[in-house]
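Encoded structure:
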């Protein structure tokens, strides 16, 4: 049931955001919010999860009423998610570099790239007949 409510409230917040971006009529927004709020049963409204969605809607309305820029719903969460992904990717790359150093084997740049390509299922192969400054040109992933 909570998944359905998450989908509903996510869409509801998007519509609320779109409504508040141009010059809104706050009485209409308030009346609409009150109408939706009254349609939610007391049992559902008493859960913290639903209250947090309603609170988020009120926060968006308060931002618009105060004249500050209305932040698109989910934007902060998306930025946090992307930052966490980048941090994990950086940590994995750092850990991999430490493993290569720990092995004690001196690898050439080409060998390091080959290992990276193999671990990430990317292709790394020479481009036939292509040379640059006397060196073989390789294809890596989708890059030439």
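Residue numbers (this note's numbering): 39 to 182.
Glycine included, each C-beta is placed from N, C-alpha and C at the ideal position.
Just so you know, these numbers come straight off a predicted model, no measurement behind them.
Is DSSP giving residue i helix, strand or coil here?
i           : result
residue 105 : coil
residue 42  : helix
residue 182 : Bear in mind that the predicted position of residue 182 carries a pLDDT of just 43, short of 50, making it unreliable; the figure below should be weighed with that in mind. Here residue 182 sits in coil by DSSP.
residue 175 : strand
residue 162 : strand
residue 49  : helix
Candidates the options: which alpha carbon is nearest residue i's?
i           : options               : result
residue 127 : 67, 154, 144 and 66   : 154
residue 131 : 150, 146 and 145      : 150
residue 52  : 89, 83 and 99         : 99
residue 86  : 61, 65, 43 and 69     : 43
residue 3   : 77, 164 and 54        : Outside the modelled stretch of the chain, which goes from 39 to 182, sits residue 3, for which no answer is possible.
residue 29  : 176, 167, 165 and 166 : Residue 29 is absent from the model: the chain starts at 39 and stops at 182.
residue 160 : 178, 145 and 169      : 178
residue 41  : 145, 64, 88 and 68    : 88
residue 58  : 104, 152, 166 and 171 : 104
Round the Cβ separation of residue i and residue j to the nearest angstrom and send it over; I've been treating them as touching at under 8 Å.
i           : j           : result
residue 164 : residue 174 : 5 Å
residue 62  : residue 102 : 6 Å
Q: Please confirm if the stretch 77-95 is in contact with the stretch 44-54, defined as three or more CB-CB distances below 8 Å between the two stretches.
A: Taking 8 Å as the limit for Cβ pairs, the verdict is that the stretch 44-54 does touch the stretch 77-95.
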